[in-house]
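Q: In order, the protein sequences belong to chains A and B. Using this note's numbering, read the first sequence as starting at 1 and increasing by one per residue. Using this note's numbering, read the second sequence as starting at 114 and increasing by one per residue. Please find one structure pasted underneath; my questions will follow.
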Amino acid sequence: DIVMTQSPDSLAVSLGERATINCKSSQSALYSSNNQNYLAWYQQKPGQPPKLLIYWASTRESGVPDRFSGSGSGTDFTLTISSLQAEDVAVYYCQQYYPTPGTFGQGTRVEIK
Amino acid sequence: EVQLVESGGGLVQPGGSLRLSCAASGFTFSSYWMTWVRQAPGKGLEWVANIKQDGSEKYYVDSLKGRFTISRDNAKNSLYLQMNSLRAEDTAVYYCARAPYGSGQYYYMDVWGKGTTVTVSS
Numbered sequence: 001d002i003v004m005t006q007s008p009d010s011l012a013v014s015l016g017e018r019a020t021i022n023c024k025s026s027q028s029a030l031y032s033s034n035n036q037n038y039l040a041w042y043q044q045k046p047g048q049p050p051k052l053l054i055y056w057a058s059t060r061e062s063g064v065p066d067r068f069s070g071s072g073s074g075t076d077f078t079l080t081i082s083s084l085q086a087e088d089v090a091v092y093y094c095q096q097y098y099p100t101p102g103t104f105g106q107g108t109r110v111e112i113k
Numbered sequence: 114e115v116q117l118v119e120s121g122g123g124l125v126q127p128g129g130s131l132r133l134s135c136a137a138s139g140f141t142f143s144s145y146w147m148t149w150v151r152q153a154p155g156k157g158l159e160w161v162a163n164i165k166q167d168g169s170e171k172y173y174v175d176s177l178k179g180r181f182t183i184s185r186d187n188a189k190n191s192l193y194l195q196m197n198s199l200r201a202e203d204t205a206v207y208y209c210a211r212a213p214y215g216s217g218q219y220y221y222m223d224v225w226g227k228g229t230t231v232t233v234s235s
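This is the structure in structure tokens:
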């Protein structure tokens with residue numbers, strides 16, 4: 001099975017500063033037949049279900065603030081929060097959704113410094 | 114409003130069975146792949162199983178094959194997860210989640226329910 005490794009496990013960032021989360025896959029997420037990276041990012045706040053932020057590695061879900069951005073290709077991906085807000089405190093997960101099963105990273109906890 | 118509501122969780126003894134349900138509303142349920150994802154207490158997310166729109170294709174994480182069965186009833190707008198031979202390590206919140214419209218077998222999940230809690234303990 002694919003292994004998704006996020007780094008760091010947790011980070012504390014000052015309000016208004018940049019937060020960067022990395023996700024590395026043991027197998028390429030790039031599907032050659034359509035040249036798409038099958039990589040998504042989710043945000044989970046305490047007591048809530050996950051919320052989709054980014055799919056196809058860099059496409060922002062409708063309604064997600066533009067301070068969230070995704071980048072990367074193949075096996076290395078990054079989620080960036082350009083200017084951390086208080087409401088961004090959460091655990092963030094990457095997920096590779098090809099092939100089945102859709103493996104998640106272990107999560108990265110983002111806190112306010 | 115698009116909504117997924119899970120039910121059926123509870124306390125069950127090791128070796129027991131439980132059937133989870135997920136009621137869908139606000140969209141044409143029969144047009145979407147659906148997925149179960151679970152989360153053990155204080156842990157990360159684990160993809161469990163998914164099912165095609167018409168139920169003709171089902172996929173499971175290897176570790177659960179043979180014990181869990183995913184199914185759906187499009188007439189009732191409902192998704193199910195039959196869980197047998199339950200173990201302590203199956204204790205988790207179980208979420209149902211929807212694929213985006215028009216997706217194939219491999220997809221991210223764009224709508225999630227709030228989850229139902231399963232506790233396996235004697």
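Idealized CB from N, CA, C, for every residue including glycine. Predicted model only: the values in this text are computed from it and were never measured.
Which runs of the beta strand (DSSP E) spanning at least 3 residues fall entirely within the segment 22-109 of chain A, listed in chain order?
A: 39-44, 51-55, 68-73, 76-81, 90-96
Q: Using a Cβ cut-off of 7 Å, which residues of the segment 204-220 of chain B contact any Cβ in chain A, in chain order?
A: Tyr-208, Gln-218, Tyr-219, Tyr-220
Q: Could you pull the start and end residues of the beta strand (DSSP E) that B:Met-222 belongs to?
A: Counting along the chain, B:Met-222 falls outside any beta strand (DSSP E), and DSSP gives it neither H nor E.
Q: Taking B:Gln-166 as part of the beta strand (DSSP E), name the residues at either end of that continuous run.
A: No beta strand (DSSP E) holds B:Gln-166; DSSP gives it neither H nor E.
Q: Let me check understanding here. Comparing Cα to Cα, which of A:Ser-10, A:Pro-8, A:Gly-72, A:Pro-46 lies closest to A:Leu-30?
A: A:Gly-72
Q: What are the partner residues of B:Trp-160, as DSSP defines its beta bridges?
A: B:Val-150
Q: Across which residues does DSSP place B:Tyr-145 in a beta bridge pair?
A: Answer is none; B:Tyr-145 lacks a bridge partner.
Q: Which residues in the same chain have their Cβ closer than 8 Å to the Cβ of A:Arg-18, if we skip the five residues on either side of it in sequence?
A: Thr-80, Ile-81, Ser-82, Ser-83, Leu-84
Q: Counting only Cβ pairs nearer than 7 Å, list the residues of chain B close to A:Ser-87.
A: The residue asked about is misnamed: residue 87 of chain A is Glu in this sequence, not Ser. Here the premise fails: no neighbours, minimum Cβ distance about 18 Å.
Q: Kindly confirm or deny that the segment 190-200 of chain B and the segment 24-39 of chain A touch, where touching means at least three C-beta pairs closer than 8 Å.
A: no
Q: Compare the beta carbon distance of A:Lys-113 and A:Ser-14 with 7 Å and say whether it is the shorter of the two.
A: yes
Q: Check distances from the C-beta atoms of the segment 147-172 of chain B to those of chain A and list, in chain order, the residues that come in under 9 Å.
A: Thr-148, Val-150, Gln-152, Lys-156, Gly-157, Leu-158, Glu-159, Trp-160, Val-161, Ala-162, Asn-163, Tyr-172
Q: Rounded to whole angstroms, what is the Cα-Cα separation between B:Ser-138 and A:Leu-53?
A: Going from the Cα of B:Ser-138 to the Cα of A:Leu-53 covers about 22 Å.
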